[in-house]
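Participant: Throughout the sequence shown, residue numbering follows this note's numbering, covering 55 to 810 in sequence.
We treat Cβ as the ideally placed atom computed from N, Cα and C, and that holds for glycine.
The structure presented is a predicted model; accordingly, all values stated were derived computationally and were not measured.
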Amino acid sequence: MVESNQLSSEGIERLPLQVFTEKAYMEYSMYVILDRALPHIGDGLKPVQRRIIYAMEELGLNSSAKYKKSARTVGDVLGKFHPHGDSACYEAMVLMAQSFSYRYPLIDGQGNWGDPDNPKSFAAMRYTESKLSPYSEVLLGELRQGAVKWTSNFDGTLEEPTVLPSRLPNILINGTSGIAVGMATDILPHNLIEVVNACICLLKKPDATVEELCEHIKGPDLASRAEIITPRSDIVNIYKNGRGTLRARAVYHYENGDIVITALPYQVSGSKVLEQIAKQMHMKKMPMVADLRDESDHDEPTRLVIVPYSKRADKDALMAHLFVTTDLEKSYRVNMNVVGINGRPQVKTLASLLKEWLSFRTDSVKKRLEYRLNKIRKRLHILEGLLTAYLNLDEVIEIIRYADKPKLTLIERFDITNEQAEAILDIKLRNLAKLEEKKIKKEQDSLAKECDKLNGLLSSKSRLNTLILKELKADAKKNGDERLSPIVKRKEAKELPQAVIIPDEPVTVVLSENGWVRAAKGHDVYAAGLSYKAGDKLKQAVCGRNNQLAVFLDSTGRSYSLPAHTLPSARGQGEPLTGRLNSPARAVFESVMIGEPDDLFLLLSSAGYGFIANLSDLYCKNRKGKTVLRLPAGAKPLSPVLINKCDSDMIAAITNEGRLLIFSAAKLPKLQKGKGNKIININIDQFKSGGDFLKILLVVPVESNIVIYSGKRHLTLKSGNINEFVGERGRRGRKLPRGFRNVNKVEIETICKNSM
55 MVESNQLSSE
65 GIERLPLQVF
75 TEKAYMEYSM
85 YVILDRALPH
95 IGDGLKPVQR
105 RIIYAMEELG
115 LNSSAKYKKS
125 ARTVGDVLGK
135 FHPHGDSACY
145 EAMVLMAQSF
155 SYRYPLIDGQ
165 GNWGDPDNPK
175 SFAAMRYTES
185 KLSPYSEVLL
195 GELRQGAVKW
205 TSNFDGTLEE
215 PTVLPSRLPN
225 ILINGTSGIA
235 VGMATDILPH
245 NLIEVVNACI
255 CLLKKPDATV
265 EELCEHIKGP
275 DLASRAEIIT
285 PRSDIVNIYK
295 NGRGTLRARA
305 VYHYENGDIV
315 ITALPYQVSG
325 SKVLEQIAKQ
335 MHMKKMPMVA
345 DLRDESDHDE
355 PTRLVIVPYS
365 KRADKDALMA
375 HLFVTTDLEK
385 SYRVNMNVVG
395 INGRPQVKTL
405 ASLLKEWLSF
415 RTDSVKKRLE
425 YRLNKIRKRL
435 HILEGLLTAY
445 LNLDEVIEII
455 RYADKPKLTL
465 IERFDITNEQ
475 AEAILDIKLR
485 NLAKLEEKKI
495 KKEQDSLAKE
505 CDKLNGLLSS
515 KSRLNTLILK
525 ELKADAKKNG
535 DERLSPIVKR
545 KEAKELPQAV
555 IIPDEPVTVV
565 LSENGWVRAA
575 KGHDVYAAGL
585 SYKAGDKLKQ
595 AVCGRNNQLA
605 VFLDSTGRSY
615 SLPAHTLPSA
625 RGQGEPLTGR
635 LNSPARAVFE
645 SVMIGEPDDL
655 FLLLSSAGYG
665 FIANLSDLYC
675 KNRKGKTVLR
685 LPAGAKPLSP
695 VLINKCDSDM
705 IAAITNEGRL
715 LIFSAAKLPK
725 LQKGKGNKII
735 NINIDQFKSG
745 GDFLKILLVV
755 PVESNIVIYS
765 GKRHLTLKSG
775 NINEFVGERG
785 RRGRKLPRGF
795 RNVNKVEIET
805 ICKNSM
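1) Please classify Y456: does DSSP put it in a helix, a strand, or coil?
2) Do three or more CB pairs link the segment 620-635 to the segment 647-661 at distances below 8 angstroms?
3) Return no unless some Cβ of chain C is closer than 7 angstroms to the Cβ of T620.
4) Is there contact here, the segment 523-532 with the segment 239-258, by at least three beta-carbon pairs under 8 angstroms?
5) Closest to V27 by CA distance: which of K339, V571, E549 is it?
6) What first and last residue would you give for the beta strand (DSSP E) that runs through A477?
7) Of all the options E757, Y156, K120, which has the alpha carbon lying nearest to the alpha carbon of G98?
8) Put L440 into one of helix, strand or coil per three-state DSSP.
9) Given that a residue counts as buried once 16 or more other Cβ atoms are within 10 Å of its Cβ, and exposed if not, what is K185?
10) Where does G589 land, buried or exposed, given buried means 16+ other C-beta within 10 angstroms?
11) Using C-beta distances below 7 angstroms, list every residue in its chain close to V378, excluding the 5 sequence neighbours before and after it, in chain order.
12) Under three-state DSSP, which class holds N485?
13) Closest to V314 by C-alpha separation, out of Q321, L603, D370, would be which residue?
14) A477 and K461: beta carbons closer than 7 angstroms?
15) Taking the alpha helix (DSSP H) that G129 falls in, what are its first and last residues?
16) The beta strand (DSSP E) with F717 in it runs from where to where?
17) If you follow the alpha helix (DSSP H) that G324 is in, where does it begin and where does it stop?
18) Considering only the alpha carbon of each residue, which of E383, D312, M337 lies closest to Y363?
19) Check the C-beta distance from T709 over to L685 and give it rounded, since I have them as a contact under 8 angstroms.
20) What does H94 pair with, by DSSP beta-bridge criteria?
21) Pairs of beta-carbons, one from the segment 391-405 and one from the segment 285-299, closer than 8 angstroms: are there three or more?
22) Mark I451 as exposed unless 16 or more other C-beta atoms lie within 10 angstroms of its C-beta, in which case mark it buried.
23) Please check the pair Q602 and L565, which I expect to be a contact at CB under 8 angstroms, by giving their CB distance rounded to whole angstroms.
24) Please report the residue range of the beta strand (DSSP E) in which L752 lies.
25) Are G611 and P694 close, meaning C-beta to C-beta below 7 angstroms?
26) Tell me whether H768 sits in a helix, a strand or coil according to DSSP, three-state version.
27) Using 8 angstroms as the threshold, is the segment 239-248 in touch with the segment 418-431, meaning 3 or more CB pairs across them?
28) Less than 8 angstroms between the CB atoms is what I'm expecting for I282 and A302, so what's the real figure, rounded?
29) Please name the residue in S187, S278, Q330 whose C-alpha comes closest to that of G114.
30) Taking just the CA atoms, how far does V392 sit from P215?
31) Compute the Euclidean distance between the alpha carbons of K515 and A252, then round it to the nearest angstrom.
32) Do L276 and Y320 count as a contact pair if the criterion is CB distance below 7 angstroms?
33) Nearest to K531 by alpha carbon, out of G163, E248, V264?
34) Could you check where the alpha helix (DSSP H) with Y586 kicks off and where it finishes?
35) Grab me the residues of T770's own chain with a C-beta within less than 6 angstroms of its C-beta, minus the 5 sequence neighbours each way, in chain order.
36) Figure out for me which residue from G730, F794, K772 has the closest Cα to the Cα of E711.
Laid out in structure tokens, this is it:
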């Protein structure tokens, strides 16, 4: 077996391509996950954010300092700790300064730092100034107290903290988002006081469940003051699984008949919402809105006014529609994926995340106390040596004055350590007074008491937890505030029906022989007189309304539907239906229907079969349509016939041989799809040869005459004389008189009772 790692004679390492690519990809993946995209559970920051905060602390830009140009901070970050692009670094810095992005901003910015409408409209870093916010003290207060580990920077010349010693779970308080290789994180911000209360609950009851923690943490707290409308049970499930979806909705009220929006969902632009509504108005999908205004100013950062077309308009229904069709209601993905204390990324539940953070905090406090304890012990050791010197002051002075090596002499004479001897030699003459001896003893007593206290804290878990609890409460009192995002119960928003959105106008849908379609305004349209492509002509024209669906039936028995208002104007020659619908090869569009969803249509085939269906049963959103009429071999669909909702109406069926059968419309079944029942008996052998088939079918209302045209002649079958053609459904029917068997056209003549 050949070794995968070999050195050539020139000393060059050679690897198989598969091994090299796998290794390189894994190294890159781990670098992106751990050093770029995912936050650490300890301080809730990504590396670039941590380096920005630390660099500002090094520059002395605390909350009480003067503002300094942002370019200076970015330069320090890039030159000392983060050798990457300046624009990405500055954008990360801007994000931490935006109050509408961070619930508790870490940076206090001066100048143009963007606005909610356009977060990336911030000025260049050479114009803006910045310093750390008071909240950043939560992350930096214990930085130089031995609470965290330090590591070398990218070139080994400086040291930087691996993680900041956050006194609060910033990972939840400010949240974060990021995309790595094969994983991502999305954590929404939370209220500081609620999170602290949950931590206190865990300190007092380590086995607390997610449900118990949710008694304190009601849900995320968004910086935009929008309502959170996700049910409480769903929020609890999100915290149980570490994943889920949360919904936020704009806050509005009615003012003088207008709708005034005062808060938008997190990271939603007001100008974009107005643009979305205006687009619907332009496309005539929002006739209920008459005007839009943006009245936002410094006093009211969000004030969008929607003016309904009428004071009597249903404003609740309008807002429900806007919640569905615009960003006035927005969903947020939650994925609590963080880098844990063990350095590995993992999706955490609320309980596991807070427990692990408390473990991090406990470890930080222990290190801080041990660091302080070591300093006290060192100081006590020095004080012990100084006290020895004061007790033997004359001898010490003589040794210093006359000894060749005073330090060694002091060590041998008084049995002290090298550090103690150095401290004695560093004493200033002014400090040789008797008063200093008292000061040393007083300091010794004070430090000894503090040492005992620290030992007690480190040796007692309960006392340590009490200290952490007190510090959490103190930070919550200093930095906490009231919840901004109320959690409320709201009904699920529903889109307005098309009949309400689309203007209700009369329209005529025109279908040509070659399958071209268009829509003309009004019902008084002479469809045959419209302009058609060469070799094309009118096939069918039907009247309906602009807010209805036009249903098309092809030669395979499939139905398709398109909104009438989306059809091209009749001013041109229309568009081919094949451009909008995916019909089978060689299929021909035979007919078009339009009407109300509950209108009844008789679907039939030339083989003499048919059934009645609601128009809504023929609707189909799929471009490929759906099969509704099953055709016998060799049959083709005939134009569907509108059926009146009257059981007394009759059906008249005429074959190409001139046979007429009349029967009650109630005898036909109502189906959603299928072949249907036999309407009139067709001779199968003659049908296959094209000699016998159903040619014409029409509905005959009560008190109506049937006028049959054959060439230039016509025959009127009066209402009282049609009984001879009435029979059972599915019979052969009776032949019409000679000379009228080659039927060209049939009309229904309604009898006017007033003329009788």
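Facilitator: According to the structure data:
1) Note: Y456 maps to helix in three-state DSSP.
2) No, the segment 620-635 does not touch the segment 647-661.
3) The structure shown contains no chain C; it is built from a single protein chain.
4) Touching, per the Cβ criterion.
5) Look at the range of the chain in this structure, 55 to 810, and you will see that residue 27 is not part of it.
6) Here A477 belongs to no beta strand (DSSP E); instead the alpha helix (DSSP H) covers 472-479.
7) Per the Cα distances, Y156.
8) In this structure, L440 counts as helix in the three-state DSSP scheme.
9) By the neighbour-count rule (16 or more Cβ atoms within 10 Å), K185 is buried.
10) When all chains shown are included, G589 counts as exposed.
11) Once the five neighbours on either side are set aside, the close Cβ partners of V378 are A547, K548, E549.
12) Helix, per DSSP.
13) That would be D370, whose Cα lies nearest to the Cα of V314.
14) No, the pair does not count as a contact, with Cβ atoms beyond the cut-off.
15) Segment 124-130, the alpha helix (DSSP H) holding G129.
16) Per DSSP, the unbroken beta strand (DSSP E) holding F717 starts and ends at 713-718.
17) Per DSSP, G324 belongs to the alpha helix (DSSP H) from 324-336.
18) Sorting E383, D312, M337 by C-alpha distance to the C-alpha of Y363 places D312 at the top.
19) The pair is not a contact, with the Cβ atoms about 17 angstroms apart (cut-off 8 angstroms).
20) DSSP output for H94 lists V393 as bridge partner(s).
21) These segments touch.
22) With fewer than 16 Cβ atoms within 10 Å of its Cβ, I451 is classed as exposed.
23) The Cβ separation is near 15 angstroms, so there is no contact.
24) It spans 748-754 - the beta strand (DSSP E) in which L752 sits, taken as one unbroken run.
25) Between G611 and P694, the C-beta gap is not smaller than 7 angstroms, which leaves the two residues out of contact.
26) Judged by DSSP in its simplified three-state form, H768 adopts strand.
27) With a cut-off of 8 angstroms, the segment 418-431 and the segment 239-248 do not count as touching, because too few Cβ pairs lie within range.
28) About 5 angstroms; that satisfies the 8 angstroms criterion.
29) Of S187, S278, Q330, the residue nearest in Cα terms is S187.
30) Distance between the alpha carbons of P215 and V392: 18 angstroms.
31) C-alpha separation (whole angstroms): 19 angstroms.
32) Contact flag set, yes.
33) Ranking G163, E248, V264 by Cα distance to K531 puts E248 first.
34) Segment: none, Y586 is in no alpha helix (DSSP H) and carries neither H nor E.
35) Cβ within range, chain order: N759, V761.
36) When the alpha-carbon of E711 is set against those of G730, F794, K772, the nearest one is in F794.
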